[in-house]
Amino acid sequence: MSLLLGVNIDHVATLRQARYALLPDSPNAEPSVVEAAKEAKAGGADSITVHVRGDRRHMQDADALRVKEECDLPLNLELGITEEMMDLAFQLKPDFACLVPETREEVTTEGGLDVVALFGTAREAVKRLKDAGIKVSLFIDPLVEHVEESARMGADMIELHTGAFANAEDTSQEIARLVAAAELGHSLGLQVNAGHGINYLNLPVLLQVPHLAELNIGHSIVSRAMTVGMRQAVAEMAEGMKGYGA
Ligand code: PXP
């Protein structure tokens with residue numbers, strides 16, 4: 001099976017909010033997240049990811065609802081485990097929900113969800129989302145016990161946090177951790193995805209990790225889209241992913 005590309009378009013909304021946060025209904029509120037999603041699809045994206053954060057710093061609830069309605073691709077909602085976000089998930093009914101840790105101070109999601117410490121809370125959230133017909137992913141650090149707990153609590157997928165890999169000068173140790181976590185996750189029947197900090201340069205190195213089903217990539221693609229457009233930026237990333245596992 002080929003490696004799928006999920007495009008995270010949060011930072012399209014970050015740019016819009018920089019000018020239009022106080023004028024959400026302006027007919028000129030640009031750039032449009034729906035257009036970005038459609039262009040990502042045209043470039044070869046397999047799914048769209050949006051993270052509606054508690055502080056609504058980029059994606060708004062209405063953005064998620066419009067992307068779901070107007071872009072014909074599977075939608076992955078990233079959410080922190082709060083009642084407010086669970087309610088949004090039940091209303092939105094995304095194809096996938098990815099549970100992530102969220103603190104207000106962080107610039108972007110910094111670490112994986114501590115599924116060991118949060119076992120009860122996370123297990124309940126997984127169950128409620130699955131009962132609503134939504135496939136559930138857990139965004140975790142590549143740690144043996146976190147992979148095992150994810151399987152134990154009934155998640156469908158794990159998304160391995162690749163931030164430490166992306167930040168490392170010498171990536172060999174981080175690659176080894178990702179390989180071990182991917183092998184374990186796969187052996188436990190979990191779909192294994194990966195995301196955070198993946199870019200055009202580090203992608204070939206990451207592709208050494210086996211059993212990957214989908215990569216979720218945001219910042220790098222949105223940045224490249226500034227110069228070549230979203231369609232082309234996505235197509236270039238998809239091209240780099242071709243041949244995975246061959
Ligand atoms: N996956 C998850 C769970 C995320 O929270 C994010 C954004 O922080 C990404 C993937 C995409 O990361 P990036 O924007 O660095 O590509």
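Sequence positions in the sequence shown follow the numbering used here and run 1 to 246. C-beta: ideal position from N, C-alpha, C; glycine also.
Notebook entry, point to check: Is DSSP giving M153 helix, strand or coil here?
Noted result: Against the sequence shown, residue 153 aligns to sequence position 153. The DSSP-derived three-state label of M153 is coil.
Notebook entry, point to check: On the premise that L143 lies in contact with A182, defined as a C-beta separation below 8 Å, what is that separation, rounded to the nearest angstrom?
Noted result: Here residue 182 is taken as the residue at index 182 of the sequence shown, counted from 1. Here residue 143 is taken as the residue at index 143 of the sequence shown, counted from 1. Not a contact, Cβ separation roughly 12 Å.
Notebook entry, point to check: At which residue ranges does the stretch 61-113 contain complete beta strand (DSSP E) runs of 3 or more residues, listed in the order of the chain?
Noted result: With a minimum length of 3 residues, the unbroken runs of beta strand (DSSP E) contained wholly in the stretch 61-113 fall at 75-79 and 96-99.
Check: Using a beta-carbon distance below 8 Å, is V7 in contact with chain C?
Finding: As a matter of chain content, chain C is missing from the structure shown, which is built from one protein chain.
Next item on the list: Would you mind giving the Cβ-Cβ distance between R231 and G43, rounded to the nearest angstrom? I have them listed as a contact below 8 Å.
Entry: In the sequence shown, the residue the question calls residue 231 occupies position 231. In the sequence shown, the residue the question calls residue 43 occupies position 43. At roughly 4 Å, the Cβ-Cβ gap stays under 8 Å, so R231 and G43 are in contact.
Item checked: Short Cβ contact (8 Å threshold) for A89 with L129 -> As a position in the sequence shown, residue 89 is number 89, starting the count at 1. As a position in the sequence shown, residue 129 is number 129, starting the count at 1. Between A89 and L129, the gap from beta carbon to beta carbon is short of 8 Å.
Checklist line | I81: CB within 7 Å of a non-hydrogen atom of the ligand PXP | finding: The residue labelled residue 81 in the question sits at position 81 within the sequence shown. Not one heavy atom of the ligand PXP is found less than 7 Å from the C-beta of I81.
Notebook entry, point to check: With 16 other CB atoms within 10 Å as the buried threshold, where does R16 fall?
Noted result: Walking along the sequence shown from the start, residue 16 turns up at place 16. With 16 or more other Cβ atoms within 10 Å, it is buried.
Margin query: Which of the three DSSP states is assigned to I140 in this structure?
Written below: Along the sequence shown, one-based indexing puts residue 140 at 140. Three-state result, I140: strand.
Check: I think L215 touches G6, with their Cβ atoms under 8 Å apart; what is that distance to the nearest whole Å?
Finding: To locate residue 215, count along the sequence shown from 1; it is residue 215. To locate residue 6, count along the sequence shown from 1; it is residue 6. 7 Å between Cβ atoms; contact.
Next item on the list: Please classify K242: is it buried, with 16 or more other beta-carbons within 10 angstroms of its beta-carbon, or exposed?
Entry: Here residue 242 refers to the residue found at position 242 when the sequence shown is read from its first residue. Looking at its Cβ environment, which holds fewer than 16 other Cβ atoms inside 10 Å, K242 is exposed.
Checklist line | DSSP beta-bridge partners of E214 | finding: Counting from one through the sequence shown, the residue named residue 214 turns up at place 214. Bridge pairing for E214: L4 and N193 [DSSP].
Note to self: At a cut-off of 7 Å, would you count F119 as near the ligand PXP, judging by its Cβ distance to the nearest heavy atom?
What the structure shows: Looking up residue 119 in the sequence shown gives position 119. No - the ligand PXP has no heavy atom lying nearer than 7 Å to the Cβ of F119.
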